[in-house]
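J.: Can you read through this structure? Questions will come right after.
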Amino acid sequence: MGWLGPAEIEALKLSLRVSFWATLVTLPFGIFMAYALARWRFPGRQLLNGLVHLPLILPPVVTGYLLLLTFGIQGPMGKLLGELGIIVAFRWTGAALAAGIMAFPLMVRAIRLSIEAVDPKLEQAGATLGASRPFVFATVTLPMILPGVIAGSILAFAKAMGEFGATITFVSNIPGQTQTLPSAVYAFLQVPGGEGAATRLVVISIIIAMGALLLSEYVGRRAAARVSGS
Numbered sequence: 001m002g003w004l005g006p007a008e009i010e011a012l013k014l015s016l017r018v019s020f021w022a023t024l025v026t027l028p029f030g031i032f033m034a035y036a037l038a039r040w041r042f043p044g045r046q047l048l049n050g051l052v053h054l055p056l057i058l059p060p061v062v063t064g065y066l067l068l069l070t071f072g073i074q075g076p077m078g079k080l081l082g083e084l085g086i087i088v089a090f091r092w093t094g095a096a097l098a099a100g101i102m103a104f105p106l107m108v109r110a111i112r113l114s115i116e117a118v119d120p121k122l123e124q125a126g127a128t129l130g131a132s133r134p135f136v137f138a139t140v141t142l143p144m145i146l147p148g149v150i151a152g153s154i155l156a157f158a159k160a161m162g163e164f165g166a167t168i169t170f171v172s173n174i175p176g177q178t179q180t181l182p183s184a185v186y187a188f189l190q191v192p193g194g195e196g197a198a199t200r201l202v203v204i205s206i207i208i209a210m211g212a213l214l215l216s217e218y219v220g221r222r223a224a225a226r227v228s229g230s
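By the UniProt record's numbering, the letter at position 143 of the sequence shown is numbered 143, and the numbering carries on one by one without gaps.
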């Protein structure tokens, strides 16, 4: 990547790091939430569904401000984590938290659609044989929804790579620490002569986004063919 400058490479590396951990950490929660919304019936289910998808509706700056109030140094969770020696505000870990929350709805939706495509009778058959719910999920449901899990993870990763509003509000735009790809584009556009660097990063962002969409569509088609074939 000799055509990229040091600051651009640093922003790209940080974005990949933030997106990777944002996706990895939220994945277990995404699978659990998708399964709960797809299979369980309980009071407040629609409210929970609304809360899960709220980051898609709220302005990203509002989400970032709420994160700052909650996980900032003076926030309730921020103080609790601070006592454990964990600080997320104005750190790359905070950028991962913001990106994970913004990407979470896309992940949950993709996995939920995959779960709803699985015939519940297959899971019920496993339960009637005496298998526990976790065992049925691990041996019956999870293998069948794996393409959906992969597609949801890809979409979440791409969304995390492109997250800007919540991230810059929560962790600011500190080069080498919290300056991700979108933040770097914004920073380069604020200085004279920075258009070239901004353009290069925009091209990289488009390539990553388009690649993620195409890969997600391919995995989705394979999943649909697998389910219809079964």
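Cβ coordinates follow ideal geometry from the N, Cα and C atoms, glycine included.
These numbers come from a predicted model, not from an experiment.
Could you check whether residue 37 and residue 153 sit closer than 8 angstroms to each other, using their CB atoms as the reference points?
T.: The answer is no: Cβ separation not under 8 angstroms.
J.: In whole angstroms, give me the CA-to-CA distance for residue 164 and residue 60.
T.: Answer to the nearest angstrom: the Cα atoms are 8 angstroms apart.
J.: So what's residue 21 in DSSP terms, helix, strand or just coil?
T.: Helix.
J.: When the Cα atoms are used, what is the spatial distance from residue 216 to residue 161?
T.: C-alpha separation (whole angstroms): 15 angstroms.
J.: Closer than 7 angstroms by C-beta to residue 136: which residues in its own chain qualify, once you throw out the five before and the five after it? Chain order, please.
T.: 123, 126, 127, listed in sequence order.
J.: Less than 8 angstroms between the CB atoms is what I'm expecting for residue 18 and residue 96, so what's the real figure, rounded?
T.: The pair is a contact, with the Cβ atoms about 5 angstroms apart (cut-off 8 angstroms).
J.: Could you work out which residue in 218, 120, 173, 155 is closest to residue 102 when comparing CA atoms only?
T.: It is 155.
J.: Tell me the rounded alpha-carbon separation between residue 244 and residue 94.
T.: It is not possible to answer for residue 244, since the shown part of the chain is limited to 1 through 230.
J.: Apart from the five residues on each side of it in sequence, which residues of its chain come closer than 7 angstroms, Cβ to Cβ, to residue 145?
T.: Closer than 7 angstroms at the Cβ level, and outside the excluded window around residue 145, lie 111, 114, 115, 118.
J.: Could you check what DSSP says for residue 49 in three-state terms: helix, strand or coil?
T.: Helix, per DSSP.
J.: Can you list, in chain order, the residues of its chain whose CB lies under 7 angstroms from that of residue 34, leaving out five sequence neighbours each side?
T.: If we look at residue 34 and ignore the five residues flanking it on each side, its Cβ neighbours are 108, 111, 112, 115.
J.: Do the stretch 175 to 193 and the stretch 9 to 25 make contact, defined as three or more Cβ pairs closer than 8 angstroms?
T.: The stretch 175 to 193, when compared against the stretch 9 to 25, does touch it at the 8 angstroms Cβ threshold.
J.: Indicate the three-state DSSP secondary structure (helix, strand or coil) for residue 86 in the structure shown.
T.: It is coil, neither helix nor strand.
J.: Within its chain, find whatever has a CB closer than 7 angstroms to the CB of residue 55; leave out the 5 residues flanking it on each side and keep chain order.
T.: Answer for residue 55: 63, 101, 102, 104, 105, listed in chain order.
J.: I'd like the list of long-range same chain contacts for residue 24, defined as Cβ closer than 8 angstroms, with 5 residues on each side in sequence excluded.
T.: Excluding residues within five positions, none has a Cβ falling inside 8 angstroms.
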